[in-house]
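In the UniProt record's numbering, the protein residues as written are 1 to 520. Even glycine gets a Cβ: it sits at the ideal position worked out from N, Cα and C. For reference, the structure is listed below as C-alpha cells.
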C-alpha cells in the first residue's frame, strides 16, 4: 500500500445488485477505516520526517569530519610511530638470526610474525612497537608477544627496596592478636566460673594474676619480626624484665615484609613486573615446546637490549586445534564481508609495520601469508588470527640482518596488498574474474603485467559495488585506498620508501580502512 492509498478518500462501492451505495452516518465502517488510515498516515509521515532529519544531520556531521581530515593531512598525527615499529622488527630479526647462527642449529622451524593489533594490544603497545610471533612445535602452535626492551627495564634483583609499595603482612602481630584473644577467652571462662561458684571479689584478681603468671609466652615467628610500632602491645601486661628481653632480641634492621630467599649466583631468573622471567638458552627447545619454564622469557640482544617473549594468550587455549589457512582457502569460508575487511586491515598494518626489515621478502607472494584458525563452537566460528608473514629459521640465518634497516621495495608489496584487499572485499580470487582473462597474453598465459592489469580493471569496475555496500563517502574512500595500492599512486618518483613513506601509506590506506572496518 503506497502513501497515496493511505490519504485517498473512500469511494462509493457497488453492491452485488449493481446499485451504488449511499454515504451513511459517522458510524459507517468505511468512514472509520478512512479515519484510521488518515491517522496512520500522519504518524507515518511524522516518523519518516524525523528519520530523514536525523540522517541528514548525521551525513553533515560525517562530511564535516571527513573534510577536516582530508583538507589538512599534514595536521593529522599518526597513531603509530613506524620508526619505532621498524626498529623493533629489525632488532628482533637480527636477534633471532644471531642466536641461530651462533649455535648452528640444523633443525628448521617455521616462524610467523604479525603486527599486534587492538584484539590484544593497547594503543600505547602498538605505538611503542609490539609484534606477535608464531612458532610451530610438535603439539601444535605457540604464539608469543615480543618486544625489545632495555636490559634493565622493569627488572630488579631479588632484594626489594625498603619502601616497596605492597600490602604488608606482619606475622608477629597476627600471633600476638591470636594470643590476646585466647587470653581474653580464658579470663572470661574464669569469670564465669567465679560467678557460678560465688567467688568473692577480693579473690578474683588474685586468680587473674596467678593465671597471667603461668600463661605461656607468645611464640616467635621465624618468617618475620615485629615492627617498631608493635614493641609495646596495648593488650598485654609485661613486666619490665620481660620487656627488656624482647627488646634486646630484636635485630637492628626490621624488614617491612616477608622476604624470599636469595637466589643462587648462577640463577638466570629475575623479577620483572611481578612475574618471573627466564633467559632462553636454547631457542629450538623454546620453539618446539608447548610451554616453557616461565610465562615470560628473554634473549640477550646486546649489553643494553633484550628481546622479551611472553605467551599470548597465557593459557594458549585458542590453539587447541589450530589450522593454518592460506588467503585462497580463507576466501572459500563462510565469513562476512566485514570480517574479511578486518583481516585485510590487519594485513595492511603488518605489511607496513615490517616494511624496512628483513621479515618481508623483496617480492612477497600470496604463499608467504597465512591465517591461523581454531575450532569454534557449533553456532559461531572462531575468528582467524593473523595474517602472519612466514619465514623459515634457515632463511633467517642465511639472510643478512641489519640493525639499521633496508630501503623498502614498496611497489610490489603494495600491489599484493591491493589485490588481497580487493579479493577480501568480494570474497573471490582475482584469477576467477573476467578482468584476469582479459589480461592474459596472446597464448592465454599470464605474464608479468597480468596481475596489475587484471587488478586495475577489477577495481575500476568495483567502485559502484563499494559505494552500494558502505555508502558514497566511505565506499569512495575504500575504493581510493585500494586503487592507490594497485597503481602505486603516492606521488613517488621511484619504488623505494622508508619509515616516513610507511607513515604516508598508513594515512592514505589504513586510516580509510579503519573507518570502513569494525574494530579489530
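For residue 353, the closest of 504, 429 and 186 by C-alpha to C-alpha distance is 504.
Between residue 456 and residue 341, the CB-CB gap reaches or exceeds 9 Å. When the Cα atoms are used, residue 495 and residue 409 turn out to be separated by approximately 6 Å. 355 is the residue among 434, 355 and 475 whose C-alpha sits nearest the C-alpha of residue 414. Taking the Cα positions, residue 459 is about 12 Å away from residue 475.
Scanning 507, 471 and 488 for the CA closest to the CA of residue 62 turns up 471. Look at residue 406 here: in three-state DSSP terms it is coil, with no helix or strand label. In terms of Cα proximity to residue 370, the closest of 332, 348, 335 and 328 is 328.
Per the DSSP secondary-structure output, residue 391 pairs in a beta bridge with 111.
At least 9 Å separates the beta-carbon of residue 487 from that of residue 509. Between residue 151 and residue 323, the C-beta gap is not smaller than 9 Å, which leaves the two residues out of contact. Residue state for residue 517 is assigned as coil, using DSSP reduced to three classes. Counting C-beta atoms within 10 angstroms of its own C-beta, residue 423 has 16 or more neighbours from the protein chains shown and is therefore classed as buried. In the structure shown, the three-state DSSP call for residue 332 is coil.
Per DSSP, the unbroken beta strand (DSSP E) holding residue 311 starts and ends at 305 to 311.
Straight-line measurement puts the Cα of residue 511 at about 16 Å from the Cα of residue 489. Bridge partners of residue 373 according to DSSP: 323. Taking the C-beta atoms as reference points, residue 41 is found no nearer than 9 Å to residue 85.
Our two residues, residue 107 and residue 283, have alpha carbons roughly 11 Å apart in a direct line. Taking a C-beta distance under 9 Å as the contact criterion, residue 366 and residue 326 qualify as a contact pair. Per DSSP, the unbroken beta strand (DSSP E) holding residue 149 starts and ends at 140 to 150. Residue 482 and residue 450 have their alpha carbons spaced roughly 17 Å apart. In the structure shown, the three-state DSSP call for residue 298 is strand. Beta bridge pairing from DSSP links residue 496 with 409.
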